[in-house]
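Novice: Chains as they are written, first to last, in my numbering: chain H, 49 to 215; chain E, 824 to 1018; chain B, 435 to 1120.
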Amino acid sequence: MRRFSWVPILVFISLAVWVRPVAAQQPTPSDDEVNAIASQLYCPVCENTPLDVCPTQACHDWRELIRQMLAEGKTTDQIKQYFVDHYGARVLSEPPRTGFNWLVYIVPPLAFLLGVFLLYRAFRTWKLVAAESAGDPLHAVAPSHGSAPAAENEYVSRVEEELRKRN
Amino acid sequence: MTEKTSPPAGLRRTAPVWVQVLIWVGLLAVLIVLAIGLFHAQNPILSVGSKVPNFTLTLFDKYPYQTSTQVRLSDLRGKVVVVNFWASWCVTCADEAPYVESAWQEYGPTGQVVFLGVDYTDVDAKALDYLKMYNITYPNGPDLGTRITPIFNRNIAMPETYVVDQQGVLVHQQIGAFQSLAEIQSVIDPLIRGR
Amino acid sequence: MLAEFGFGVLLLALIVALFSVGAAIYGYFSRSDRWVESARRSLLLTFPLISLTALTLIYELATGHYELQYVYSVTSNEMPFYLKITALWGGQAGSLIFWSWLLSAFASAVAMRKWDRDQEFLPWVVAVTAITLAFFLSLSIFFENPFTRWWQTAGGGMLLSMFPPQGATLLVPPDGQGLNELLRHPGMIIHPPMLYLGFVSFVIPYAFAMAALITGRVDDRWIRITRRWTLWAWLFLSCGLVLGMWWAYDVLGWGGYWGWDSSEVAALLPWLVGTAFLHTVIIQEKRGMFKPLNIILIILTYVMVIVATFLIRSGLLSSVHAFAQSTIGYQFIVFIAIMLVISVGLLIYRWKDLQSEASISTTSLWSREALFLLAALIFGGIFIVCFWGIFFPIISEALTNQRMTVGPPWYKQAVGPLFASLLLLMGLATLSSWTYGTLKTIGRAVWKPVIPTALLPIVLFVAGMRNVLAYIGLTLAAFALFVTLYEFGRGVGARARTHSENLLVAFWRQTARKRRRLGGILVHLSMVMMALAIIGIEMFQTTTQKSLAIGQSIELSGYTIRYDSLAQFPYVDGRIVTRAVLSLYRNGQYLGELHPRYDLFPDGQPMAIPAIRSTLADDVYVVLVDWENLSTAQTPFKVYHNPLVMWLWVGSFVFILGILITAWPEREIEPAAVRVNATVPKLSST
């Protein structure tokens, strides 16, 4: 009886040992895990389409590739790097911060700062005029020299001013 | 009586010079960029008759070029180079595969013509399956980083084939699949005739 | 025959438009009213002419004249009738005609208004409008002619030409290629016209601005005239954008409505500048300030309209929207360059006269004027971000031969803080005072709405929310909301007090009389609603994908979706429809059925149509994924849970209502409501 029961156990154990390398792999990554990475990548072929929503056969293959790489234990960064090496930096959803691409990150803040500077200058002008007029409260209508507005223009402007007040 | 206070004369001025210059320069820059972008988008960089820039193709292990897994275009000076762009997900590439392989069988042994297959944005496993399925034997490799394809055509559509002559000048651009072996022969034969 | 007629009338329209330009300019310089009137009438004439062309083209589309290359490319026999008509804007050549048609309609509307007070503007408004019209007409005539036809030459070859080549016969294909399936959706039918309406209608305020600069009448007369035009233009453009979002959400099946695709951003560019312009002109109306800024903004809006049209049409953008490579890119650039140089040149020439006459002397930095200026700056910031996001890939590819993707993460991190500050400003500016406002005056006004606003983070915290960005966004949105409501309530209350009316009557009279104010309040409310929707989907969207066998379920965010059945059948237009039936449950309660579809068209183009269940609280959005082989054993589904999305559509309705109220013609200005109790002595009769 005992000897009889040894054989299946031995077979079972040796099978388990033999099968183990396969079982060492992680369980198949779920669609969600694949999509979590695919959503950060762009389809190398189609125009501006994220990899998780791209419907083509090629994109299907790439998502399966991601699934396989996840099963092998690769990290998100490793997978993304693989895609960049193989297909170029355009698979990333924003340009990598290297070399020429720094421009894409620097120009908008610089332009905005320029705007802030212009605004600052505008406000300073207001304050300057305030300071000047404050010193001379009776400084009323100053007839402009040079480009002297014709009487008609001045009349029109005053009518416009009145209209403006009524609104 | 309407009070009209105008700003003191000193503040009424035309836009300062540096602002004017900045505006004009900025506008000019934008327009020039637009024009350049448009030009590049519409015109191929490479056209028949121009020199093909050098590139390096990393080959699949099973599809080397004379035992080397890397080949540079400049190394192939003196030979006719046929650069064939394909992908495993491209349906019409399969149509022309037999013709291209036959052409390789014909011209390869002469030593005067080299066929290079460039695999465009593909999955390696699928690519190798494709090559096996169509019994392709000429050197093949993936376009790593998609650096080679933009040299030839920014808006490439599979398949495309480019034939470069012995001096490194582009002599033929084939957009779409070859329809027959004779088509390929008609392009290559004139290049190796009389040699 | 018909094609020659359509083309001939188009050519005639161009000649008339060019004549209009010449006559207007000549009439201005020779001070001849007759010539100016002639120019005005010519502009009026362009509308019936172009209408004839457009109607001819529509007729050819509807009756399937496939010898016309355009008809061949956008229609086919199996398309329903209404789609054949809307195919007018389905392709490049037709949509250029459509653009010209709309512009001529607006040009006629402007030409037909009462010009008595503004005679001096007339020649230049006509000229500028006619120049723009002439440009688009010449594109159609010389480069993108929808009336070119297929010919079979005597030698047996095929030729595309307007007029019959020697010895050739007409080639009539039996069927057309048909419109891209993605475009066969109600949203896509009305989105392009609405967007074009928005683009085209901004040409009019620009024309008036140019007229003001040229004639030197740079006071706010031109602003007053164009106030309603600008409102309608803004309304159309905003609706065009929202319709595009609706189409993307409803049809494209990727779970969102704005992907920061280059074409989306391109259409946003004129909207951003236009919105800034809409606000800063209020300051010019009230206080005569910001004149140069307003001119700059309207020039920029006009240029961006042309640039956006160019970007979307020239094939320059890598985008899901991209049309085929076109031949008209350089023409656009030249036109933009010329108009820009002229506009900016005029601006610099008139700069001195644009300095404000009004008293900027006492304007505080916390006044409404200053806050509006700040808002303009922020809109400018968002504009720069969007502009650069589109142009950098173009520059990068031109210089480094490497195509780069500038995608949502880049845009969001740049634009998020800017939009958040706009929400804050919307609240602060509403409560700010004109000219003399100080930090104290704002503070005094703002503490009342701040109280309920401050409660919100506490409520959120107790409810378990931990997303920091969401706290900021929702609190700012709440701030803007409470300020807006408070401001409106304050107005009603004030009226009730001064007129001794009860609150209901006061409410009614307030809304009836102060239309501009109510309109503005509604529009700001709609912005808060849209902000809510955006915060909901950006920060709280969840998604999952799973392959199911029949009977199995997916769970997401408290919802359970059970897979019931699958059917596959052909549809009338030749596509194979695969339709799944799913049941939706939440907490065990049955909520309804969902039917996502996967359509496969004869030419191989697939379309995944989502099934959406919308409530004000959230959307459940289900798509069939990657469907190629019929297998009920493993059907892949993707489910999105999108909170608060419906507020985007609700917000857009409130928005439309708000603009309509503001833009509707107002009654005469209310006479001063002061009761005089003096007795008038009787006149003794003599």
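In this text, a Cβ means the ideal position worked out from N, Cα and C, and glycines have one as well.
These numbers were taken from a predicted model, which means no experiment stands behind them.
Let me know the secondary structure DSSP gives B/K786 once reduced to three states.
Specialist: Three-state DSSP puts B/K786 in a helix.
Novice: Please tell me whether E/N958 and E/V941 are closer than 9 Å, where the distance is taken between their beta carbons.
Specialist: It is not a contact, given that the beta carbons lie outside the stated cut-off.
Novice: Quick check: what's the CA-CA separation for H/L186 versus B/T797?
Specialist: With a pLDDT of 47 at H/L186, under the threshold of 50, the modelled position of this residue cannot be trusted, and the question is left open.
Novice: Could you please give the first and the last residue of the uninterrupted alpha helix (DSSP H) stretch that includes B/S472?
Specialist: Unbroken alpha helix (DSSP H) run through B/S472: D467 to A496.
Novice: At a CB distance below 8 Å, what residues from the segment 759 to 787 of chain B approach chain E? Give them in sequence order.
Specialist: From the segment 759 to 787 of chain B, only Q759, G763, Y764, I767, I770, A771, L774, V775, V778, I782, W785 and K786 have a Cβ closer than 8 Å to chain E.
Novice: Taking its Cβ as the centre, do 16 or more other Cβ atoms sit within 10 Å of B/T563, making it buried, or is it exposed?
Specialist: Classification of B/T563: buried, given that the 10 Å Cβ count is 16 or more.
Novice: So is E/L834 in contact with chain H if we call contact Cβ pairs under 9 Å?
Specialist: A caution first: E/L834 carries a pLDDT of 44, below 50, which makes its placement in the model unreliable, though a value can still be read off. Yes, its Cβ sits closer than 9 Å to a Cβ of chain H.
Novice: Within a Cβ cutoff of 7 Å, which residues of the same chain sit near B/W694, ignoring the five residues on either side of it in sequence?
Specialist: The answer, listed in chain order, is G841, P842 and Y845.
Novice: Measuring alpha carbon to alpha carbon, tell me which of B/P608, B/L567, B/I824 and B/G528 ends up nearest B/E578.
Specialist: When only C-alpha atoms are compared, the closest one is B/G528.
Novice: Among E/T915, E/F908 and E/F975, whose alpha-carbon lies nearest the alpha-carbon of E/P965?
Specialist: Among E/T915, E/F908 and E/F975, the Cα nearest to that of E/P965 is on E/F908.
Novice: Using a Cβ distance threshold of 8 Å, determine whether the segment 853 to 870 of chain B contacts the segment 911 to 922 of chain B, with at least three qualifying pairs required.
Specialist: The segment 853 to 870 of chain B vs the segment 911 to 922 of chain B: in contact.
Novice: Pick helix, strand or coil for B/W533, following the three-state DSSP scheme.
Specialist: Residue state, collapsed to three classes: helix.
Novice: What does B/K980 touch in chain H if you count any residue whose Cβ is under 9 Å from its own?
Specialist: Neighbours of B/K980 on chain H, chain order: S78, D79 and D80.
Novice: Using DSSP with H/G/I as helix, E/B as strand and the rest coil, what is B/H1075?
Specialist: Note: B/H1075 maps to strand in three-state DSSP.
Novice: Could you check if H/E120 is buried or exposed, using at least 16 other CB atoms within 10 Å of its CB as the buried criterion?
Specialist: Counting Cβ neighbours within 10 Å, H/E120 comes out exposed, since fewer than 16 surround it.
Novice: Among the residues of its own chain, which have a CB less than 8 Å from the CB of B/I730, if the five just before and after it don't count?
Specialist: L781.
Novice: For B/E501 and B/I492, what's the separation of their Cα atoms in angstroms?
Specialist: Going from the Cα of B/E501 to the Cα of B/I492 covers about 14 Å.
Novice: At a Cβ cut of 7 Å, what residues of the segment 113 to 134 of chain H count as close to chain E, listed as they run along the chain?
Specialist: Listed in sequence order: L113, D133 and H134.
Novice: I'd like to know whether the C-beta atoms of B/V637 and B/L537 end up nearer to each other than 9 Å.
Specialist: Yes, Cβ-Cβ distance for B/V637 and B/L537 is below 9 Å.
Novice: Just to confirm, is the Cβ distance from B/T735 to B/V775 under 9 Å?
Specialist: In this structure, B/V775 does not lie closer than 9 Å to B/T735 by Cβ.
Novice: Is E/P830 close to chain B, meaning its C-beta is less than 9 Å from at least one C-beta of that chain?
Specialist: Residue confidence is low: E/P830 scores 42 on pLDDT, short of 50, so the model does not pin down where it sits. No coordinate-derived value is stated.
Novice: Mind checking B/P1004: buried by the 16 CB within 10 Å criterion, or exposed?
Specialist: That one is exposed.
Novice: When DSSP labels each residue in this structure, what does B/L445 get in the three-state scheme?
Specialist: Looking at B/L445 - three-state DSSP - the assignment turns out to be helix.
Novice: Quick check: the Cα distance between B/W1098 and B/F481, rounded to an integer number of angstroms?
Specialist: Answer to the nearest angstrom: the Cα atoms are 25 Å apart.
Novice: Tell me which residues of the segment 826 to 839 of chain B have at least one Cβ-Cβ distance to chain E shorter than 8 Å, keeping chain order.
Specialist: Here the close residues are I828, I829, E831, A832, N835, Q836 and R837.
Novice: Taking its Cβ as the centre, do 16 or more other Cβ atoms sit within 10 Å of E/Y943, making it buried, or is it exposed?
Specialist: Buried is the call here.
Novice: With contact counted as at least three CB pairs below 8 Å, one residue from each stretch, are the segment 160 to 178 of chain H and the segment 830 to 839 of chain B in contact?
Specialist: Verdict: no, contact absent.
Novice: Taking only beta carbons into account, state which residues of the segment 952 to 970 of chain E come closer than 8 Å to chain H, listed in chain order.
Specialist: Those would be P965, L967, G968, T969 and R970, in chain order.
Novice: What ranges does the alpha helix (DSSP H) occupy inside the segment 534 to 582 of chain B, keeping only unbroken runs of at least 4 residues that lie completely in it?
Specialist: DSSP runs (the alpha helix (DSSP H)) wholly in the segment 534 to 582 of chain B: 556 to 576.
Novice: Tell me the rounded alpha-carbon separation between H/A22 and H/V139.
Specialist: Because chain H in this structure spans residues 49 to 215, residue 22 of chain H falls outside the shown range and cannot be described.
Novice: Which same chain residues end up closer than 8 Å to B/L1082 when comparing Cβ atoms and leaving out the 5 residues on each side of it in sequence?
Specialist: Excluding residues within five positions, the ones whose Cβ falls inside 8 Å are V676, M679, Y691, M963, M964, A967 and I968.
Novice: From this set, B/G1008, B/E1027, B/D1053 and B/V1057, which residue's C-alpha is nearest B/E512's C-alpha?
Specialist: Checking every option, the nearest Cα to that of B/E512 belongs to B/G1008.
Novice: Pick from E/V894, E/A852, E/V1010 and E/E983: whose alpha carbon is nearest that of E/A920?
Specialist: Residue E/E983 is the option with its Cα nearest to E/A920.
Novice: Thinking just about the alpha-carbon of each residue, which of B/F642, B/Y516 and B/W663 is nearest to the one in B/D653?
Specialist: When each option's Cα is compared against that of B/D653, the closest is B/F642.
Novice: What residue from E/V914, E/V905, E/Q990 and E/F975 has the CA that sits closest to E/F927's CA?
Specialist: The identity of residue 927 of chain E in the sequence shown is Trp, whereas the question assumes Phe. Selected option, being the one with the closest Cα: E/V905.
Novice: Could you tell me whether any Cβ in chain B is nearer than 9 Å to the Cβ of E/A858?
Specialist: Yes, contact with chain B.
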